[in-house]
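Residue numbers for the sequence shown follow my numbering, so the first one is 190 and each next one is one higher.
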Amino acid sequence: MEIKYPDVLLDSLENGHMIIDDKFIVSYWNRWLAINTQISKEEIIGKKLDEFYPNINYKVLYRKIKTALLINTPSFYDTNSNVKFIPMNRNKVTTSSLMLMQQQVTISPYIACENKVMVSIYDISELFEAKLSLKKEIEKVNKLNDKLEADQEIIDRNIMMMRTSFDGVIIDVSTFFCQFFEFKKDFILGKNISTFKQDGGFSATYKELWETIRNKKCWSGELKLKTYKGEEKWVQSRITPILDIDGEVLEFSAVYHDITNEKLLEELYITDPLTKLYNRAHFDEVVNFIVKHQRKTDTDFVLVITDIDHFKSINDTYGHQIGDEALVSVANTLKDSLREDDLIARWGGEEFVIMLKNVTLDEAKTIIEKVRASVEKNKINGTINATASFGITKYILGEDIKKTFKRVDDALYEAKKSGRNRAVLK
């Protein structure tokens with residue numbers, strides 16, 4: 190039976206879309222691809238992609254296609270930002286030396302036909318250029334930090350800089366720092382660095398930071414700080430211990446670079462737009478990283494999947510707007526009830542997934558029972574009661590993560606089958 194593809198819709202999109210099977214035979218090639226590759230639909234449809242582009246890593250592509258079809262979920266072809274899946278020249282006039290298009294490639298099951306996927310190609314050249322620009326700026330800042338004494342006036346007027354005592358008391362700050370955070374210098378001096386610390390969510394980062402610099406090592410990383418008016422700002426930070434004549438830490442010198450806009454853009458890629466929790470793609474990326482490096486990082490974890498009970502009934506009774514409020518309310522309750530280092534994401538629909546790090550199953554059950562009780566007590570829109578069911582399992586070192594997810598799904602199914610509003614270990 191001939192498959193009729195939505196040519197008009199896909200041809201109108203400002204990105205590339207092709208449909209292929211696991212043998213890489215092309216069934217569809219949209220107008221954007223035809224323009225940017227100079228290969229027409231008539232030339233390529235019905236032929237194998239590797240006849241035209243032999244340099245693609247087809248082992249990776251085959252694995253991604255099979256994974257997408259198996260779990261019925263989109264995935265990235267490669268999370269590396271420097272991806273040129275199909276070499277193409279940039280399609281706009283630019284003064285940049287970056288002439289080849291930088292691409293983000295996703296592979297999704299094609300719902301109109303089994304055993305085929307849609308490969309989507311997005312031009313992210315401008316984002317890539319922004320990252321290159323940011324990297325150059327940070328390198329520039331680091332060089333300035335190495336010659337503070339000689340360039341003090343330049344630093345004071347153009348760089349966010351701070352000096353603190355061993356205990357974190359502020360000794361000096363640059364003029365630019367005061368302007369950026371909207372503090373007067375006289376007010377800042379003598380205060381503790383915690384004046385700028387954004388409340389909540391980063392104690393592990395600060396613990397690592399202080400352990401590193403008090404051990405006479407430089408620390409580099411991202412911090413979320415707050416201005417005098419309480420506005421959140423993200424900064425790339427480099428903190429250097431200053432040693433006395435005996436080699437002991439006397440004070441610390443810190444240089445900051447504003448990356449607030451970059452972080453907002455990054456969060457769009459990893460955040461569920463409704464609940465503001467992490468999205469499924471980001472959770473998968475974190476889990477896969479931990480599984481891959483578990484022996485090195487010594488990270489042990491318990492996996493939990495939870496589902497709002499009778500969510501369809503809430504939608505049908507009160508409408509989809511209240512249904513969305515229920516999702517947001519439960520998401521906030523789950524997040525507020527968990528520990529700071531736990532990871533939570535929206536899994537899809539009314540399901541959420543949680544990673545509890547370095548706990549036993551019994552400890553996990555205790556934590557989740559408290560979470561379940563918090564959800565039960567919570568009132569949606571001030572009046573509506575909702576409950577949730579939980580499946581809990583522990584990842585076994587060396588196990589295929591798919592088996593872990595299958596086991597936790599089975600536990601959730603048992604929780605719902607046995608009456609809902611409960612947690613089941615598996």
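We treat Cβ as the ideally placed atom computed from N, Cα and C, and that holds for glycine.
What is the rounded straight-line gap between the Cα of residue 207 and the Cα of residue 228?
Taking the straight line from one Cα to the other gives about 12 Å.
If you drop the 5 nearest sequence neighbours on each side, which residues of the same chain put their C-beta closer than 8 Å to that of residue 245?
238, 239, 274, 275
For residue 490, which three-state DSSP category applies?
strand
Give the secondary structure of residue 383 by DSSP, where H, G and I count as helix, E and B as strand, and everything else as coil.
helix
Would you give the residue range spanned by the beta strand (DSSP E) that residue 511 belongs to?
No beta strand (DSSP E) contains residue 511, which is instead part of the alpha helix (DSSP H) from 509-526.
Give the C-beta separation of residue 363 and residue 343 to the nearest angstrom, bearing in mind that I take them to be a contact with Cβ-Cβ under 8 Å.
With 8 Å as the limit, residue 363 and residue 343 do not qualify as a contact, their Cβ atoms being about 10 Å apart.
Under 8 Å between the Cβ atoms of residue 517 and residue 497?
no
Within 10 angstroms of its Cβ, does residue 578 collect 16 or more other Cβ (buried), or is it exposed?
buried
Does the stretch 544-554 touch the stretch 594-602, meaning 3 or more C-beta pairs lie closer than 8 Å?
no
Other residues of its chain near residue 608: CB distance less than 6 Å, five sequence neighbours each side excluded:
none
Compute the distance between the beta-carbons of residue 265 and residue 291, then report whether it is under 8 Å.
no
Please go through the same chain and pick out, in chain order, the residues whose beta-carbon is closer than 6 Å to the beta-carbon of residue 214, but skip the five residues on each side of it.
237
Please report how far the alpha carbon of residue 289 lies from the alpha carbon of residue 202, in whole angstroms.
20 Å
Just mark residue 328 as buried or exposed, buried being the case when its beta carbon has 16 or more other beta carbons within 10 Å.
exposed
To the nearest angstrom, how far is it from the Cα of residue 399 to the Cα of residue 461?
Going from the Cα of residue 399 to the Cα of residue 461 covers about 32 Å.
Cβ-based burial, residue 561 [other Cβ within 10 Å; buried from 16]
buried
Minimum C-alpha distance to residue 629 - residue among 471, 451, 499, 572
In the structure displayed, the chain extends from 190 to 615; residue 629 sits before or after that span and is not available.
Where residue 553 and residue 418 are concerned, what is the direct C-alpha to C-alpha distance, given to the nearest angstrom?
Taking the Cα positions, residue 553 is about 39 Å away from residue 418.
Please say whether residue 375 and residue 204 have beta carbons closer to each other than 8 Å?
no
Taking just the CA atoms, how far does residue 473 sit from residue 507?
Cα-Cα distance, rounded: 33 Å.
Own chain, CB closer than 7 Å to residue 593, minus 5 neighbours either side, in chain order
492, 582, 584
Extent of the continuous alpha helix (DSSP H) to which residue 342 belongs
341-347
Who are the near neighbours of residue 242 in its chain, counting only those whose CB is closer than 6 Å to its CB and skipping five residues on each side?
275
Under a three-way DSSP split, which group does residue 416 fall into?
coil
Return the CA-CA distance between residue 501 and residue 612, expressed in angstroms with no decimal places.
20 Å
Going by C-alpha distance, which of 570, 530, 526 is nearest residue 563?
526
In this structure, how does DSSP classify residue 278 when only helix, strand and coil are distinguished?
strand
On the three-state DSSP scale, how would you describe residue 601?
helix
Cα-Cα, which of 365, 350, 258 is closest to residue 300?
258
Nonlocal neighbours in the same chain, by C-beta distance under 7 Å from residue 261, ignoring five residues either side
298
Using the C-alpha atoms, what's the distance from residue 590 back to residue 596?
Distance from the CA atom of residue 596 to the CA atom of residue 590, rounded to whole angstroms, is 10 Å.
If we count the other Cβ atoms within 10 Å of its Cβ and call it buried at 16 or more, is residue 512 buried or exposed?
buried
List the DSSP bridge partners of residue 218.
207
Output the boundary residues of the alpha helix (DSSP H) element that contains residue 548.
It is not in any alpha helix (DSSP H) - residue 548 carries neither H nor E in the DSSP assignment.
Could you tell me how far apart the beta carbons of residue 173 and residue 534 are, in whole angstroms, since I believe they sit closer than 8 Å?
Since the displayed the chain opens at 190 and closes at 615, residue 173 lies outside it and no answer follows.
Pull up the DSSP beta-bridge partners for residue 580, would you.
494, 613
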